[in-house]
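Q:
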Amino acid sequence: MFNTPDLQGLTLAPFRGVRYCPTAVSDLGAVTCPPLDLLEIGASAQLLTAEPRNAARLLLPNNELAAADRYRHAALTLRRWLADQTLITDTEPTLYVY
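Using numbering that gives the first Met the number 0, the letters of the sequence shown map in sequence onto residues 0 to 97.
1. So the alpha helix (DSSP H) V30 belongs to, where does it begin and stop?
2. Can you name the start and end residues of the beta strand (DSSP E) that R18 belongs to?
3. From the DSSP output, read off the bridge partner residues of T93.
4. I'd like to know if the segment 50 to 69 and the segment 14 to 31 are in contact, where contact means that at least 3 CB-CB pairs between them fall below 8 Å.
5. Check L38 in the structure and name its three-state DSSP category.
6. Drop a sphere of 10 angstroms on the beta-carbon of S25, count the other beta-carbons inside from all chains shown, and report buried for 16 or more, exposed for fewer.
7. Within this structure, are the beta carbons of T85 and G16 separated by less than 8 Å?
8. Using the C-alpha atoms, what's the distance from T10 back to M0?
9. Tell me the DSSP secondary structure of L86 in three-state form.
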């Protein structure tokens, strides 16, 4: 069983993560939010109004827009944050352990 060449184990691959730039965002607590499946509607409205760079803007794009436009808006927000270095990409691929 263990010497069978057609069985493969877990494959881990490092990747270049995207994170908030420490010089652009001094308080990570102000810009992070719970995972989408745990984010309540009332809490999301509060996160969106409290901090313009909150990650909820990427997870819960503007509900007033049509569905396709919402995700385009989120993509534009992500691109803008990368361009203005609100978010930065790691220089080296890394394995992240949680």
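Beta carbons are placed, not taken as given, at the ideal position from N, Cα and C, and that holds for glycine.
Given the structure is predicted, the values throughout are model-derived calculations rather than measurements.
A: Answer, in terms of the structure:
1. L27 to V30
2. V17 to Y19
3. F14
4. yes
5. coil
6. exposed
7. no
8. Residue confidence is low: M0 scores 49 on pLDDT, short of 50, so the model does not pin down where it sits. No coordinate-derived value is stated.
9. strand
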